[in-house]
């Protein structure tokens, strides 16, 4: 290898025109076009005039001075064994090349031509020519082709100055402001600084000049790509060998709740290692997304709209467990869906249930299956102790509804279907009439009265005296109310029901129109001023009753002369002002039927439970009696009135114990507590809370 180099002298350039201070005697040698542009500005040019006339054509700075210089070097790589054999010896060939290289700086073109000829004839040399500074650099692998690269050098220095120095003083400040507006605001507004804070005051045509739209779009696209990478990480995890192996090992012979999937999830070590890698990868991605999002929102501070970006949320373990359930039960026929354990069903993405596989039965204690059916895994194959298999499900084997009928005949000949019962109520069929006693100190039937003040009526059965062997079910209520002509009275009723006798405080109020409860239906009778007011409860809202309390008020537009009247005096039908507020009730009828009730037999069963509980023995020793009383309690409380969501239902069973079986409060508490303990400890059933009525 041989090399030669030398250093060039520094070249200094000065702009002598700018150094002239006497611009009047020695004006600047400006281009005619530039001078013409300056004259077009006038004395008070706008920012846009400066930009269009001067800045876009000639820029913002001029060259004041410059220092240029650098080095030049020639490097030759020689292969002695490839030198021309025609030479006397290799040593003479090397010496000749040394002399040729020395003459490079004297006769560059002639030297490079000779080196070119040697390279072509012998292929024994490689020449590299390097120049720093503005001279450039040339590398000759083959002297027929030359590539030059400019290398920066510390000797090269440029000094620039703003173009305002060649303008008159009255234009210099405006030029600087225009140049800053062009550079910082892209010519779409004026650059203004106040209190160390600089912003662009946008022009009307460019209201978004402060908003770096291009940068924001790039960052938003970057965030979209990051979100796709985030989702791709989930897909990679689901397609990993560890996750697929985990799914294959899950048992398919019975249903897997989230708790069971969680145990299997935590015991798979290979899956846990892969899951930790996923978490680490997502953490790195999350930090990148956060940094980019901060930059995005920082750049959009002066934009008219905020960027719409939401940070991706990492799936929790519970979401992954539900995802596993979806893979097991909602991945059929090439369709996909999400599994809802609370409903034991799938929500398919197609809208139909094409994605749902047969959901296996639930195995476990008590009413859960002991094993799924081999023929149909969605049904039970066998049940746990104390339960029997019925139509693929497990039911308590000792509950006998027919035995409950010996105590209370819940099933009667008048227990009609919904449509049939509604038809009979509308026709006021005599089979549904229940004879009751009308009691009221304030209202007489078939007699006009003043309804402006509260009127109280009661319909009672007095079963404790007259019909002790029956309980009574109400399915409807009807009243016939007549009014005077042009009456402005609008009656309003409040109805309270005592299910098994007792005081007025032990009754519940009918919630008309609330929680699905029916309202009064008002039908005018033909050619009459009378109306039938009917309340149709039907099978949905039928309930036990012993006494019905009806409170009547009116929403009447009372004439001024009657507003101070007490409304308690005798009815004066001759007074036309008073006649329009009078009404009369012609008939009140309760519709329903009676249930046979064996009080002695039921009292004997209750006392057996009560005595066992008092003696401290196993109060659930007789499981048949406990199951029987639980069934009766559930069927009675099921007929309680509706309540608001989240509130407990009324306890009608305790009212029956108190008023029909004559149990005291202590005995009632012991019986209910014994039933609750048996229900939770033996049957493992959740206890339904009730609120006290009696």
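Numbering (the working numbering), first residue to last: 5 to 698.
Note that beta-carbon positions come from the ideal geometry of N, C-alpha and C, so glycine has one too.
All figures in this text were calculated on a predicted structure; none of them were measured in a lab.
Where the alpha helix (DSSP H) containing residue 374 begins and where it ends: Position 370 of the chain shown holds residue 374. Unbroken run through residue 374 is the beta strand (DSSP E), 373–376; no alpha helix (DSSP H).
Nearest to residue 216 (by Cα), restricted to the options 208, 228, 203: Translated into positions along the chain shown, residue 216 becomes position 212. If we check each option's Cα against that of residue 216, 203 comes out closest.
Reduced DSSP category for residue 494 - H, G, I as helix; E, B as strand; rest coil: On the chain shown, position 490 is the one that residue 494 refers to. Note: residue 494 maps to coil in three-state DSSP.
Span of the alpha helix (DSSP H) around residue 617: On the chain shown, residue 617 is found 613 positions in, with the first residue counted as 1. Element bounds for residue 617: 603–618.
Segment contact flag, the region 511–523 with the region 429–449, C-beta cutoff 8 angstroms, min 3 pairs: no
Residue nearest to residue 69 in terms of C-alpha spacing, selected from 164, 553, 517: Looking up residue 69 in the chain shown gives position 65. When only C-alpha atoms are compared, the closest one is 164.
DSSP-derived helix/strand/coil call for residue 324: For this step, residue 324 is matched to residue 320 along the chain shown. Residue state, collapsed to three classes: helix.
Inter-residue spacing [alpha-carbon to alpha-carbon] between residue 685 and residue 691: For the purposes of this step, residue 685 is taken as residue 681 along the chain shown, with counting starting at 1. For the purposes of this step, residue 691 is taken as residue 687 along the chain shown, with counting starting at 1. Rounded to whole angstroms, residue 685 to residue 691 spans 10 angstroms at the Cα level.
Sequence-distant residues of the same chain with beta carbon closer than 6 angstroms to residue 441, five excluded per side: As a position in the chain shown, residue 441 is number 437, starting the count at 1. Same-chain partners within the cutoff: 464.
Between the CA atoms of residue 227 and residue 188 - distance to the nearest angstrom: Position 184 of the chain shown, counting from 1, holds the residue named residue 188. Position 223 of the chain shown, counting from 1, holds the residue named residue 227. For residue 188 and residue 227, the distance between alpha carbons rounds to 26 angstroms.
Cutoff 8 angstroms; reference residue 698; Cβ partners in own chain excluding five residues on either side: The residue you call residue 698 lines up with position 694 of the chain shown. 504, 506, 510, 655, 658, 659, 662, 663.
The beta strand (DSSP E) enclosing residue 441, as first and last residue numbers: Counted from its first residue, the chain shown places residue 441 at position 437. Start and end: 441–443.
Beta-ladder partner(s) of residue 342, from DSSP: Position 338 of the chain shown, counted from the first residue, corresponds to residue 342. Looking at the DSSP assignment, residue 342 forms a beta bridge with 351.
Residues that residue 453 bridges to, as DSSP identifies them: Translated into the one-based positions of the chain shown, residue 453 becomes position 449. Paired residues: 587.
Closest Cα partner of residue 65 within the set 105, 176, 49: By 1-based counting over the chain shown, the position of residue 65 is 61. With distances taken between Cα atoms, residue 65 lies closest to 176.
Outcome for residue 83 when other beta-carbon atoms lying within 10 angstroms are tallied against a minimum of 16: Locating residue 83 in the chain shown gives position 79, where the first residue counts as 1. Exposed is the call here.
Length-filtered (4 minimum) alpha helix (DSSP H) runs lying within the region 237–311: 245–253, 262–271, 273–303
Top-ranked residue by Cα proximity to residue 263, from 363, 296, 325, 343: As a working note, residue 263 is residue 259 in the chain shown. The option with the nearest alpha carbon to residue 263 is 325.
Residues bridged to residue 536 [DSSP beta-bridge criterion]: Position 532 of the chain shown, counted from the first residue, corresponds to residue 536. For residue 536, which the question treats as bridged, DSSP gives the partners 484, 527.
Unbroken beta strand (DSSP E) run spanning residue 315, endpoints: Residue 315 sits at position 311 when you count from the first residue of the chain shown. Neither: residue 315 is in no beta strand (DSSP E) and is coded neither H nor E.
Residue 595, DSSP secondary structure in three states: Taking the first residue of the chain shown as position 1, residue 595 is located at position 591. If DSSP states are grouped into helix, strand and coil, residue 595 belongs with the strands.
Rounded distance between the beta-carbons of residue 478 and residue 546, thought under 8 angstroms: Translated into the one-based positions of the chain shown, residue 546 becomes position 542. Translated into the one-based positions of the chain shown, residue 478 becomes position 474. Indeed they touch by this definition, with Cβ atoms about 7 angstroms apart.
Rounded distance between the beta-carbons of residue 365 and residue 384, thought under 8 angstroms: To locate residue 384, count along the chain shown from 1; it is residue 380. To locate residue 365, count along the chain shown from 1; it is residue 361. Rounded, the Cβ-Cβ distance is 5 angstroms, consistent with contact.
Integer-rounded CB distance, given that residue 417 should sit under 8 angstroms from residue 542: Locating residue 542 in the chain shown gives position 538, where the first residue counts as 1. Locating residue 417 in the chain shown gives position 413, where the first residue counts as 1. Not a contact, Cβ separation roughly 17 angstroms.
Touch test, the region 166–185 against the region 268–283, Cβ-Cβ under 8 angstroms, three pairs minimum: no
Bridge partners - residue 130, DSSP secondary structure assignment: As a first step, residue 130 must be located in the chain shown, where it is residue number 126. DSSP, once it has assigned bridges, lists 81 as partnering residue 130.
Residues near residue 636 in its chain [Cβ-Cβ closer than 7 angstroms; skip 5 each side]: The residue given as residue 636 occupies position 632 in the chain shown. 408, 411, 412.
Rounded C-alpha distance that separates residue 185 from residue 191: Within the chain shown, residue 185 is the residue found at index 181, counting from 1. Within the chain shown, residue 191 is the residue found at index 187, counting from 1. Each residue's alpha carbon lies about 6 angstroms from the other.
Reference residue 4; option with closest CA among 318, 299, 314, 297: Nothing can be reported for residue 4: it is not among the residues displayed for the chain, which extend from 5 to 698.
With 16 other Cβ atoms within 10 Å as the buried cut-off, status of residue 415: Sequence index remark: in the chain shown, residue 415 carries index 411 (1-based). Burial call: exposed.
Beta-carbon proximity check, residue 316 vs residue 293, cutoff 9 angstroms: If you number the chain shown from 1, residue 316 lands on position 312. If you number the chain shown from 1, residue 293 lands on position 289. Yes, the pair counts as a contact, with Cβ atoms nearer than the cut-off.
Alpha carbon of residue 286 to alpha carbon of residue 242, nearest angstrom: Within the chain shown, the letter at position 282 stands for residue 286. Within the chain shown, the letter at position 238 stands for residue 242. Going from the Cα of residue 286 to the Cα of residue 242 covers about 14 angstroms.
C-alpha gap between residue 338 and residue 359, whole angstroms: By one-based count along the chain shown, residue 338 stands at place 334. By one-based count along the chain shown, residue 359 stands at place 355. Roughly 7 angstroms separates the two Cα atoms.
Coil, strand or helix - residue 696 by DSSP: Counting from 1 along the chain shown, the entry for residue 696 is found at position 692. Coil, per DSSP.
Whether residue 652 touches residue 695 by CB criterion (9 angstroms): Taking the chain shown and counting its residues from 1, one reaches residue 652 at position 648. Taking the chain shown and counting its residues from 1, one reaches residue 695 at position 691. Taking 9 angstroms as the Cβ cut-off, residue 652 and residue 695 qualify as a contacting pair.
Euclidean distance between Cα positions of residue 539 and residue 677: Along the chain shown, read from residue 1 onward, the residue named residue 539 stands at position 535. Along the chain shown, read from residue 1 onward, the residue named residue 677 stands at position 673. Between residue 539 and residue 677, the C-alpha separation is close to 37 angstroms.
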